[in-house]
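Undergrad:
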Amino acid sequence: MNSISRVAGPVVEATGLPGVRLFDVVRIGGQRLTGEVIRLDGDSCVAQVFEDTTGLRVGDPAEPTGGPLTVELGPGLLGSIVDGMGRPLDVLAGVPGAASGHSAAVPWQTADPYVPRGADPPRLDRDRRWRFTPAVEIGDVVEPGDVLGTTPEGPIEHRVLVPDGVSGPVSAIGAGEFTVTDEVVRVGDRPVTMAQRWPVRQARPVRGRRPLTRPLVTGQRVLDVLFPVARGGAAIIPGGFGTGKTVTETSLAKYAEADVVVYVGCGERGNELTEVLQEFPELVDPRTGAPLMQRTVLVANTSNMPVAAREASVYTGITIAEYYRDQGYHVALMADSTSRWGEALREVSSRLEEIPAEDGYPAYLATRLAGFYERAGEVECRCGAAGEAGTARIGSVTIVGAVSPAGGDFSEPITQNSLRLAGCFWALDTSLARRRHFPSVNWTRSYSQYPVVGWFDQHVAADWGDLRRWALALLAQEASLQEVVQLLGVEALAPEQRVVLRTGRLLREDFLQQSAFDEVDASCPPAKQIAMLRAIHHVHRALTDALERGVPARQLSELPALAELGRMKAWPADDMAHRCAELTERITQEVQAL
Amino acid sequence: MTTASLYRIGNTDVSRIAGPLVVVEAAEALAYGDLVDVLSGQGPPRRGQVLEAAAGRAVVQVFGGTSGLGRTDTTVLSRGRSAHTGVGRDYLGRILDGAGRPRDGGPEPLADEERDVNGLPLNPMVRDHPDEFIETGISAIDGLNTLVRGQKLPIFSGYGLPANELAARIATQARVRVPGGNDQDRTEDNFVVVFAAMGVTRREAEFFQSRFLAGDAARRTVVLLNLADDPTIERILTPRVALTLAEYFAFDLGLHVLTVLTDVTAYAEALREIAAAREEMPGRRGYPGYMYTDLASLFERAGRVRGRPGSLTQLMILSMPDDDITHPVPDLTGYITEGQIVLSRELDRAGIDPPIDVLPSLSRLMNSGIGAGRTREDHRGLADQLYACYARGKEVRRLLSIVGESALPAEDRRYLALADAFEREFVGQAGERRSLEQTLDAGWRLLTDFPDGELKRLKPEFIARYRKGGSTP
Chain A
3 MNSISRVAGP
13 VVEATGLPGV
23 RLFDVVRIGG
33 QRLTGEVIRL
43 DGDSCVAQVF
53 EDTTGLRVGD
63 PAEPTGGPLT
73 VELGPGLLGS
83 IVDGMGRPLD
93 VLAGVPGAAS
103 GHSAAVPWQT
113 ADPYVPRGAD
123 PPRLDRDRRW
133 RFTPAVEIGD
143 VVEPGDVLGT
153 TPEGPIEHRV
163 LVPDGVSGPV
173 SAIGAGEFTV
183 TDEVVRVGDR
193 PVTMAQRWPV
203 RQARPVRGRR
213 PLTRPLVTGQ
223 RVLDVLFPVA
233 RGGAAIIPGG
243 FGTGKTVTET
253 SLAKYAEADV
263 VVYVGCGERG
273 NELTEVLQEF
283 PELVDPRTGA
293 PLMQRTVLVA
303 NTSNMPVAAR
313 EASVYTGITI
323 AEYYRDQGYH
333 VALMADSTSR
343 WGEALREVSS
353 RLEEIPAEDG
363 YPAYLATRLA
373 GFYERAGEVE
383 CRCGAAGEAG
393 TARIGSVTIV
403 GAVSPAGGDF
413 SEPITQNSLR
423 LAGCFWALDT
433 SLARRRHFPS
443 VNWTRSYSQY
453 PVVGWFDQHV
463 AADWGDLRRW
473 ALALLAQEAS
483 LQEVVQLLGV
493 EALAPEQRVV
503 LRTGRLLRED
513 FLQQSAFDEV
523 DASCPPAKQI
533 AMLRAIHHVH
543 RALTDALERG
553 VPARQLSELP
563 ALAELGRMKA
573 WPADDMAHRC
583 AELTERITQE
593 VQAL
Chain B
-5 MTTASLYRIG
5 NTDVSRIAGP
15 LVVVEAAEAL
25 AYGDLVDVLS
35 GQGPPRRGQV
45 LEAAAGRAVV
55 QVFGGTSGLG
65 RTDTTVLSRG
75 RSAHTGVGRD
85 YLGRILDGAG
95 RPRDGGPEPL
105 ADEERDVNGL
115 PLNPMVRDHP
125 DEFIETGISA
135 IDGLNTLVRG
145 QKLPIFSGYG
155 LPANELAARI
165 ATQARVRVPG
175 GNDQDRTEDN
185 FVVVFAAMGV
195 TRREAEFFQS
205 RFLAGDAARR
215 TVVLLNLADD
225 PTIERILTPR
235 VALTLAEYFA
245 FDLGLHVLTV
255 LTDVTAYAEA
265 LREIAAAREE
275 MPGRRGYPGY
285 MYTDLASLFE
295 RAGRVRGRPG
305 SLTQLMILSM
315 PDDDITHPVP
325 DLTGYITEGQ
335 IVLSRELDRA
345 GIDPPIDVLP
355 SLSRLMNSGI
365 GAGRTREDHR
375 GLADQLYACY
385 ARGKEVRRLL
395 SIVGESALPA
405 EDRRYLALAD
415 AFEREFVGQA
425 GERRSLEQTL
435 DAGWRLLTDF
445 PDGELKRLKP
455 EFIARYRKGG
465 STP
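One line per chain: the protein sequences are A and B, in this order.
The first sequence runs 3 to 596 under the working numbering.
The second sequence runs -5 to 467 under the working numbering.
#1: Could you give the C-beta distance for residue 384 of chain B and residue 413 of chain B, rounded to a whole number, given that I count them as a contact under 8 Å?
#2: Run through chain B and tell me which residues come within less than 9 Å of residue 55 of chain A, C-beta to C-beta.
#3: Comparing the C-beta of residue 42 of chain B with each C-beta of chain A, is any distance below 8 Å?
#4: I want to see whether chain B comes within less than 8 Å of residue 538 of chain A, judged by CB atoms only; does it?
#5: Residue range of the alpha helix (DSSP H) that residue 424 of chain B falls in?
#6: Taking residue 16 of chain A as the reference, which of B:23, B:37 and B:49 has the closest Cα?
#7: Specify whether the stretch 234 to 250 of chain B and the stretch 183 to 200 of chain B touch according to this definition: at least 3 beta carbon pairs, one from each stretch, less than 8 Å apart.
#8: Anything in the stretch 564 to 587 of chain A with a Cβ closer than 7 Å to a Cβ of chain B? List those residues in chain order, please.
#9: Excluding five sequence neighbours on each side, which residues of the same chain lie with their C-beta closer than 6 Å to the C-beta of residue 416 of chain A?
#10: Tell me the DSSP secondary structure of residue 539 of chain A in three-state form.
#11: DSSP beta-bridge partners for residue 146 of chain B?
#12: Could you pull out every residue in the same chain whose Cβ sits closer than 6 Å to the Cβ of residue 59 of chain B, ignoring the five residues on either side in sequence?
#13: Runs of 3 residues minimum, wholly inside the stretch 237 to 325 of chain B: which ones carry the beta strand (DSSP E) assignment?
#14: According to DSSP, residue 427 of chain A sits in a beta bridge with which residue or residues?
#15: Determine whether the beta carbon atoms of residue 163 of chain B and residue 132 of chain B lie at a separation below 8 Å.
#16: Any beta carbon from chain B within less than 8 Å of residue 83 of chain A's own beta carbon?
#17: Could you tell me whether the Cβ of residue 309 of chain A comes closer than 8 Å to any Cβ of chain B?
#18: Specify, as a first and last residue, the run of the beta strand (DSSP E) that residue 195 of chain A falls within.
#19: Can you list, in chain order, the residues of its chain with a C-beta nearer than 7 Å to that of residue 441 of chain A? Leave out the 5 residues immediately preceding and following it.
#20: Determine which residues of the stretch 401 to 413 of chain A have a Cβ less than 8 Å from any Cβ of chain B, and write them out in chain order.
#21: Please list, in chain order, all residues of the same chain as residue 292 of chain A whose beta carbon is under 8 Å from its beta carbon, the five residues on each side excluded.
#22: What are the boundary residues of the beta strand (DSSP E) that residue 590 of chain A is part of?
#23: Start and end of the beta strand (DSSP E) containing residue 336 of chain A?
#24: For a test of the three-state rule: what should DSSP assign to residue 645 of chain A, helix, strand or coil?
#25: Tell me, to the nearest whole angstrom, how far the beta carbon of residue 136 of chain B is from that of residue 449 of chain B; I am working on the premise that it is less than 8 Å.
#26: Note down the Cα distance separating residue 372 of chain A from residue 444 of chain A, rounded to an integer number of angstroms.
#27: I want to know whether the stretch 392 to 405 of chain B touches the stretch 321 to 330 of chain B - three or more CB-CB distances under 8 Å.
#28: I need the straight-line Cα distance from residue 501 of chain A to residue 480 of chain A, nearest angstrom please.
#29: Taking C-beta to C-beta, are residue 526 of chain B and residue 116 of chain B nearer than 8 Å?
#30: Would you grab the beta carbon distance between residue 73 of chain A and residue 49 of chain A for me? Rounded to a whole angstrom, and I think it's under 8 Å.
#31: Can you give me the C-alpha to C-alpha distance between residue 34 of chain A and residue 68 of chain A, rounded to a whole angstrom?
#32: Are the stretch 360 to 379 of chain A and the stretch 227 to 237 of chain A in contact at 8 Å, needing three or more beta carbon pairs?
#33: Residue 97 of chain A by DSSP, collapsed to three states: which one?
#34: Straight-line CA distance for residue 20 of chain B to residue 157 of chain B?
#35: For residue 291 of chain B, would you say it is in contact with chain A, using Cβ-to-Cβ distances shorter than 8 Å as the test?
#36: Kindly indicate which three-state DSSP category residue 298 of chain A falls into: helix, strand or coil?
Encoded structure:
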């Protein structure tokens, strides 16, 4: 008999499931809770269950499904919110379409506020009809990854791809409106629908990987200028609580120049996802004019949802991201927070009584993290002979993972293992956050290894790289001078060092600090970023010149006009060059008058 | 409730009793999470819960303590379901024990229905984002770390610091302002307090009862008490029963509920005790690896639900052992909650009341609750400016001990003076209750001596409109 033999939290042991494979999905108990096989031992198998196991007893049934955990891919994902297993949360609440704004009136009073157990609704809306425009003709020979046709989905054109394992001549084509389960094209004798399934733990194949030389412009000055992330790269944001990880992640989700954003709320606060759900439909993507929600997919496993589904949520998110990448789009995936996923691994591992490695995390932690971060990349999308090399679709997945280190201490395993994998380290700093210096990215600890500064030189301003180097050097110099000041006071410094202190303060307060809540300053286009930096650089030169003429450093650093640089943030981007030139000219004159 | 007919199954084959755990053999019928009654030859029946159900044996944690239990005369009776509590309006005004039974000598309250104390996760789709400003009358909170309805905000305290006084003040002074109007919505009819004490001393319990159950307030308060010398493991149930009641009041009856949980550190110790008894792999400082998940399953039960009028706001008090904010309990709590109010021993010694250290304090939901139409248009900028000035002033203060005041530039001296005045006049307010306008005005007064150019976080028009007195060009 196939039945449960042991229940301990999210881990359930069952016997009598011959033929079951590792990572196969099993249905547990009378409510048919979803679980995933994580160990096979003789006649028994151990599953982690993605739902609360309270009430399960020995002898309850367990049933194999014969396949691994998959996510259903197709039009309708954009603008939706799903849980870790990919179940649509609006459908679970009894208010289908509420997330995407697709259905008209929402009777919230009748909604079920709680996530029920054992529910297994269809992932994509079965009734919604999509206009399908074919891109192939009868007789065309297609291979996996080729575009069969398109349908408009929010701000993008959703490309219906030949699924894995299907190839041959196109034998029938539909045109018109279809649901996701209707046949739209027949390849050989295989019907193809708009909805496809893909196992979440398996990376989707690509034709080839491309070098990472273009930045993902984020609109955040400290990130774009000092520590830029490449399109297709990976960045991590570690920081203690209250340092602004989530605010940074949502700012990126709002303003990063991506076609599609997948936001994975992994073991974090429910209210934060609600904020995204309520705010994003109101915000307009300046690049497409469509509401931001329409380019966003939310994957929600809040901290009170079952712990095992935390791992599934990360994989569900990255699989959805890869799916849009394969259509030729640039996707940004925000994972907040990867530490909760690691802790879920630790909890399940400890219930399995595995030998722990560092801090109780399982020894395979690094392998799992690598398997996730390595799914980032800019790729030539998979396609058949139709796509000649060089003309193939290009897509990318950029991963930005938040890390919540215990006690804010970066030496813990998740931060350290993620550092090995990500090319960008955006270290958030508790002491900066306490001074309300946001984003609290520490400029001496953070780094970027991506060679993308050249792109800014070519496409934004030729002096981008030079100014960046200058700013980094000056900030480093200021940091070491601050240490002297802490010991001896500012009077111990040489005059030119006092000017460095003053400019350092200008850089910190008037350039690096950026308010995520200010209408104008929340996002800063690259041209405005460099104009602001250039202005500060001009002023620094004027101060240094005046010093050489013998003006006392104290008089220079207390010059009231310097405060006006703080107003640059509020200026509109299109008027920037003109106003900056005017301001620097005025300050230079005042400095020269001293 | 305790008639034998309710029990489904009895198990008598106890093989092991260790710490809070009882292992029962041949217990196939016990389900994971089942509430059980443990009957012994001696003493009253105790409650327990199934922690592990395996072929042939089950592990049961006993809430009432295991002392006096014997292997041969102990019977474990299952109620065939997980721990439940009655919920209903009749619970208001009552004092219950840590497991939800009457402690005030009164009869069992009339329950409208029975609910699973573990609750179910709120669907984020159905949550409503909290944005209703709660005026607590305390400047450091209203001005700089604004609380909103549906928020979960802990008070990080240390032993000997007045966290209880602060929590009681918030609970008794809190008002909600009607947007756009000057009148205060007193909300006495639809405002209730659920107070759950875990491992507090008798003295603390009496303090809270005298504040919460005095006069009219008693009608709208439920008190659950698990005292320091009550069975430790019962603390696992206390917040769950409290939150189940609170959810019923908020989302079924449409009331605005403030839940005060104290002390989270004592609760975490009960978790650790069970983990140790089960010989689980200990995490930091011996706390179990799943403590984050466990605490989240409590704290996430705050919020608002779309289409329903009520709200569930949580205020938790936790003691930081040795005032260490990186201790696992405050650390994990800070990752779950929507900010934190941190009390400072240094301010307390200086006689600042309440001794709130605003720099490490934070309210994550502040932004949605303030600004034009909610509080005042200058609120965000003023708060940011006060933070920035105070942080700089504290840095100057550190420098002062090295170089002496005479060596400080005039600018630095201004920040130093602000830091002192900020602590004395803005944070410190003793028993006074300040309206939001009084709080904001107190903030503006501190900025009187600053040149406009230094006030980078404030829009020039707000400086012109709200700063009275000596502004320098």
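Just so you know, even glycine gets a beta-carbon here, dropped at the ideal spot from N, CA and C.
Since this is a predicted model, take the numbers as computed values, not measurements.
TA: Quick look at the numbers:
#1: Counting from one through the second sequence, the residue named residue 384 of chain B turns up at place 390. Counting from one through the second sequence, the residue named residue 413 of chain B turns up at place 419. Sure, about 6 Å apart at Cβ, within 8 Å.
#2: Position 53 of the first sequence holds residue 55 of chain A. Ordered by position in chain B, the residues that pass the 9 Å Cβ test against residue 55 of chain A are 26 and 27.
#3: Here residue 42 of chain B refers to the residue found at position 48 of the second sequence. So, not an interface residue.
#4: Within the first sequence, the letter at position 536 stands for residue 538 of chain A. Not one chain B Cβ lies under 8 Å of residue 538 of chain A.
#5: Residue numbering aside, residue 424 of chain B sits at position 430 when the second sequence is read from its first letter. Residue 424 of chain B -> no alpha helix (DSSP H), and no H or E assigned at all.
#6: By 1-based counting over the first sequence, the position of residue 16 of chain A is 14. When each option's Cα is compared against that of residue 16 of chain A, the closest is B:49.
#7: Yes: at least three Cβ pairs fall under 8 Å.
#8: 565, 566 and 568
#9: Along the first sequence, read from residue 1 onward, the residue named residue 416 of chain A stands at position 414. Contacts found: 341, 344 and 405.
#10: Start at 1 with the first residue of the first sequence, and residue 539 of chain A comes out as number 537. When DSSP states are grouped into helix, strand and coil, residue 539 of chain A belongs to the helix group.
#11: Taking the second sequence and counting its residues from 1, one reaches residue 146 of chain B at position 152. Per DSSP, B:308.
#12: Position 65 of the second sequence, counted from the start, is the residue given in the question as residue 59 of chain B. Taken in chain order, the residues that qualify are 225.
#13: 250 to 256, 297 to 299 and 305 to 313
#14: Walking along the first sequence from the start, residue 427 of chain A turns up at place 425. Note: residue 427 of chain A sits in a beta bridge opposite A:238 and A:449.
#15: Counted from its first residue, the second sequence places residue 163 of chain B at position 169. Counted from its first residue, the second sequence places residue 132 of chain B at position 138. In this structure, residue 132 of chain B lies closer than 8 Å to residue 163 of chain B by Cβ.
#16: Taking the first sequence and counting its residues from 1, one reaches residue 83 of chain A at position 81. At least one C-beta of chain B is nearer than 8 Å to the C-beta of residue 83 of chain A.
#17: Position 307 of the first sequence, counted from the start, is the residue given in the question as residue 309 of chain A. Chain B, which has a Cβ nearer than 8 Å to the Cβ of residue 309 of chain A, makes this yes.
#18: Stepping through the first sequence from its first residue, residue 195 of chain A is reached at position 193. Its beta strand (DSSP E) spans residues 192 to 195.
#19: If you number the first sequence from 1, residue 441 of chain A lands on position 439. Excluding residues within five positions, the ones whose Cβ falls inside 7 Å are 222, 224, 246, 250 and 516.
#20: 406, 408, 409, 410 and 411
#21: What you label residue 292 of chain A is simply residue 290 of the first sequence in a count that begins at 1. If we look at residue 292 of chain A and ignore the five residues flanking it on each side, its Cβ neighbours are 156, 157 and 286.
#22: As a working mapping, residue 590 of chain A is identified with position 588 in the first sequence. First-last for residue 590 of chain A: 578 to 595, but that is the alpha helix (DSSP H), not the beta strand (DSSP E).
#23: As a first step, residue 336 of chain A must be located in the first sequence, where it is residue number 334. Secondary structure note for residue 336 of chain A: its beta strand (DSSP E) is the uninterrupted segment 332 to 338.
#24: Only positions 3 to 596 of chain A appear in this structure, which leaves residue 645 of chain A out of reach.
#25: Taking the second sequence and counting its residues from 1, one reaches residue 136 of chain B at position 142. Taking the second sequence and counting its residues from 1, one reaches residue 449 of chain B at position 455. About 21 Å separates the two Cβ atoms, so there is no contact after all.
#26: Counting from 1 along the first sequence, the entry for residue 372 of chain A is found at position 370. Counting from 1 along the first sequence, the entry for residue 444 of chain A is found at position 442. Those two C-alpha atoms are separated by around 25 Å.
#27: Put simply, the stretch 392 to 405 of chain B does not touch the stretch 321 to 330 of chain B. Fewer than three CB pairs are less than 8 Å apart.
#28: Your numbering for residue 501 of chain A matches position 499 in the first sequence. Your numbering for residue 480 of chain A matches position 478 in the first sequence. Taking the straight line joining both Cα atoms gives about 10 Å.
#29: Outside the shown range of chain B (-5 to 467) lies residue 526 of chain B, about which nothing can therefore be said.
#30: One-based indexing of the first sequence puts residue 73 of chain A at position 71. One-based indexing of the first sequence puts residue 49 of chain A at position 47. With a Cβ gap of about 19 Å, residue 73 of chain A and residue 49 of chain A do not count as contacting.
#31: Taking the first residue of the first sequence as position 1, residue 34 of chain A is located at position 32. Taking the first residue of the first sequence as position 1, residue 68 of chain A is located at position 66. In a straight line, the C-alpha of residue 34 of chain A is about 15 Å away from that of residue 68 of chain A.
#32: Per the Cβ contact rule, the stretch 360 to 379 of chain A is in contact with the stretch 227 to 237 of chain A (3 or more Cβ pairs under 8 Å).
#33: Residue numbering aside, residue 97 of chain A sits at position 95 when the first sequence is read from its first letter. Reduced to three states, the DSSP call for residue 97 of chain A is coil.
#34: For the purposes of this step, residue 20 of chain B is taken as residue 26 along the second sequence, with counting starting at 1. For the purposes of this step, residue 157 of chain B is taken as residue 163 along the second sequence, with counting starting at 1. A direct Cα-to-Cα measurement between residue 20 of chain B and residue 157 of chain B gives close to 48 Å.
#35: If you number the second sequence from 1, residue 291 of chain B lands on position 297. Closer than 8 Å: yes.
#36: Residue 298 of chain A sits at position 296 when you count from the first residue of the first sequence. Strand at residue 298 of chain A.
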